[in-house]
Amino acid sequence: RRVHGGASRSSIRCVADVMASKAEKEAFVSGHSGSTIADVLGITLIPPLAFLVSSAIHPLLPTLHPLVIDTTVIGGSILLSTTVAADYSIFFFVCLIATFLILRFAATRGAIEHSSFPPTKIPFISSARALLMIVVVISILAVDFQIFPRRFAKSETYGVSLMDTGVGSFVFAAGVVQGRQTSSTSDWKTSLVMRVKRASLITAIGLLRMTFVFVANYQEHVSEYGTHWNFFLTLASLHILCGPPLLHSKSVWAKLAIAATLLIVYQCLLSTGLSDFIFTAPRTSFFSNNREGICSLLGYSGIFLISESIGQKLFSLTESCRLWFQIAVTVTSFGLMFVTIWTIEPISRRLVNLSYCLWTIALNSAFYLECDLVHRISRDATNGCGGSSLIAVINCHMLEVFLVSNVLTGVVNVSMDTLHTSPPLSLAVLMCYLAIVVLIANQLHDAKITKSD
Numbered sequence: 006r007r008v009h010g011g012a013s014r015s016s017i018r019c020v021a022d023v024m025a026s027k028a029e030k031e032a033f034v035s036g037h038s039g040s041t042i043a044d045v046l047g048i049t050l051i052p053p054l055a056f057l058v059s060s061a062i063h064p065l066l067p068t069l070h071p072l073v074i075d076t077t078v079i080g081g082s083i084l085l086s087t088t089v090a091a092d093y094s095i096f097f098f099v100c101l102i103a104t105f106l107i108l109r110f111a112a113t114r115g116a117i118e119h120s121s122f123p124p125t126k127i128p129f130i131s132s133a134r135a136l137l138m139i140v141v142v143i144s145i146l147a148v149d150f151q152i153f154p155r156r157f158a159k160s161e162t163y164g165v166s167l168m169d170t171g172v173g174s175f176v177f178a179a180g181v182v183q184g185r186q187t188s189s190t191s192d193w194k195t196s197l198v199m200r201v202k203r204a205s206l207i208t209a210i211g212l213l214r215m216t217f218v219f220v221a222n223y224q225e226h227v228s229e230y231g232t233h234w235n236f237f238l239t240l241a242s243l244h245i246l247c248g249p250p251l252l253h254s255k256s257v258w259a260k261l262a263i264a265a266t267l268l269i270v271y272q273c274l275l276s277t278g279l280s281d282f283i284f285t286a287p288r289t290s291f292f293s294n295n296r297e298g299i300c301s302l303l304g305y306s307g308i309f310l311i312s313e314s315i316g317q318k319l320f321s322l323t324e325s326c327r328l329w330f331q332i333a334v335t336v337t338s339f340g341l342m343f344v345t346i347w348t349i350e351p352i353s354r355r356l357v358n359l360s361y362c363l364w365t366i367a368l369n370s371a372f373y374l375e376c377d378l379v380h381r382i383s384r385d386a387t388n389g390c391g392g393s394s395l396i397a398v399i400n401c402h403m404l405e406v407f408l409v410s411n412v413l414t415g416v417v418n419v420s421m422d423t424l425h426t427s428p429p430l431s432l433a434v435l436m437c438y439l440a441i442v443v444l445i446a447n448q449l450h451d452a453k454i455t456k457s458d
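All the letters of the sequence shown, read from the start, carry residue numbers 6 to 458 under the working numbering.
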């Protein structure tokens, strides 16, 4: 009996320890108020500059695999700038510029290889999408470590943070790519069928993730999407909501009018009581349990439609006009964002309110503009989708990369105590994690090329 009683007490203590660890991790990522707009913008300056440095290193180290260079330079720079060097973003920015100038001076023009992008692709869009994905991949695991500043974690109610921009940026990128498809596809039925197929796959992934979280008793930030909802279900819903014939219109102005109407109506609902419901209502039904994820679909639909319109214009303009168009979109978005913040309400990722939507559009427009300028400075296009570098690998497998990173994040959290890991070990784990994600993505990329051949 003593042995049986001792085993029972041991089991109880083990369960109690697991529950305590789960509660501690949930508290670690909850209740934060975010950072500042300037702080987030400062961090987003780093990835394109790291891309510049990496492109300058390629001709100097021709025997080293481009993927190794890109992962080390780009991935390492993003990792450092979002963790141990987060308080020194300006210094980091200056160091990257100086490094690029030195490397560019050291490299001879003849040593630089130029490869052309497919005519249907715009180089800086591919780079922007991939670089933002790398930031997301690093952040979703880094947030569980002490070296990731709490101001970068998702804000609880109102506020601006680096992780608050993740889903919005993913939706923006999806909309820009959809803009290219809308411009090239005349049959809305074909487009709708493609959307439904993709939505079905993403829904299946979302349901699998929901099941894993429940079975593994994995820590979950409930106020992010709700009790059962997750990012994959949001993305799948957007493919359906933005698929009807009217929304497939090639008229940019018609689509912008629909998006503006949708965002204004949603903001009116928020201002007349919906925001209080989202923040404070008890979770008693499926809708109230998942109110953040379901209600935010209106805001994300507006972002998707606006970014789709931007994508349509980007793929139809000449290179010189494209630059001025991006400047106009960026300036206008920031202007409208500040007016909305001052006159209506602050930015809220949890609500996906009007100010958050405008912030997402402004931030991503500025980031895409920066990537465009970077590509104009350095015409080294070795990161095209026909190559094997980090940009190509990530850009061609966005959903797969995000799925793999989610799975590995769960594995790492189950396997080790991330909250009490030393900074050096934390950096080592995060870099290994990124390397594994890139390696798997590269295998998928190589398999895709082999299959097409």
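C-beta: ideal position from N, C-alpha, C; glycine also. Note that the structure is a prediction, hence the values are computed from the model and not measured.
Residue nearest to residue i in terms of C-alpha spacing, selected from the options
i    : options                : result
V227 : L206, R200, R288       : R288
Y373 : T41, S35, S40, L46     : L46
A1   : G164, L108, L85        : This structure gives no information on residue 1, because the portion of the chain shown stretches from 6 to 458.
N418 : R354, M342, V176, V148 : V148
W364 : S383, S338, R381       : S338
S242 : T285, V409, A433, L197 : L197
Y305 : F291, G316, Y361       : Y361
N400 : F175, G231, L435, G340 : F175
I139 : I263, D451, L404, L424 : L404
E225 : S35, M421, N447, Q448  : S35
C424 : C376, P154, R327, L444 : Reading the sequence as shown, one finds Leu at residue 424 and not Cys. With distances taken between Cα atoms, L424 lies closest to P154.
I210 : T41, I315, N235        : N235
C273 : W258, S312, T345, K260 : T345
S166 : T216, F177, T49        : T49
I445 : P429, M421, V406       : V406
I79  : S394, G415, D169, S160 : S394
N294 : C247, T323, Y230, V270 : Y230
L212 : S280, L238, F56, A90   : L238
L432 : S301, L146, A103       : L146
L65  : F105, V357, C326       : F105
D169 : S410, L356, N411       : L356
I299 : S312, T266, H233, I352 : H233
T426 : I207, F150, A91        : F150
G184 : T266, F217, I130       : I130
Simplified DSSP assignment, three categories, for residue i
i    : result
S205 : helix
S256 : coil
S160 : strand
H425 : helix
F330 : helix
R185 : helix
G173 : helix
W347 : helix
L356 : coil
R114 : Confidence at R114 is low in this model, with a pLDDT of 48, below 50, so its placement is unreliable and the value that follows should be read with caution. It is helical.
I210 : helix
S431 : helix
S35  : coil
L261 : helix
Range of the contiguous alpha helix (DSSP H) that encloses residue i
i    : result
L363 : 359-382
P128 : 128-147
A91  : It is not in any alpha helix (DSSP H) - A91 carries neither H nor E in the DSSP assignment.
P52  : 51-62
P71  : 71-75
G415 : 403-420
N229 : Going by the sequence as given, residue 229 is Glu instead of Asn. Where E229 is concerned, the enclosing alpha helix (DSSP H) stretches over 227-230.
N400 : 395-400
S65  : Correcting the residue type first, residue 65 is Leu in the shown sequence and not Ser. L65 -> no alpha helix (DSSP H), and no H or E assigned at all.
F237 : 236-246
Residues that residue i bridges to, as DSSP identifies them
i    : result
V165 : S40
8 Å Cβ cutoff, residue i in contact with chain C
i    : result
G415 : Given the protein chain composition of this structure (a single chain), no chain C is represented.
Mind listing, in chain order, the continuous alpha helix (DSSP H) runs of no fewer than 4 residues lying wholly within the stretch 283-322? 291-294, 296-319
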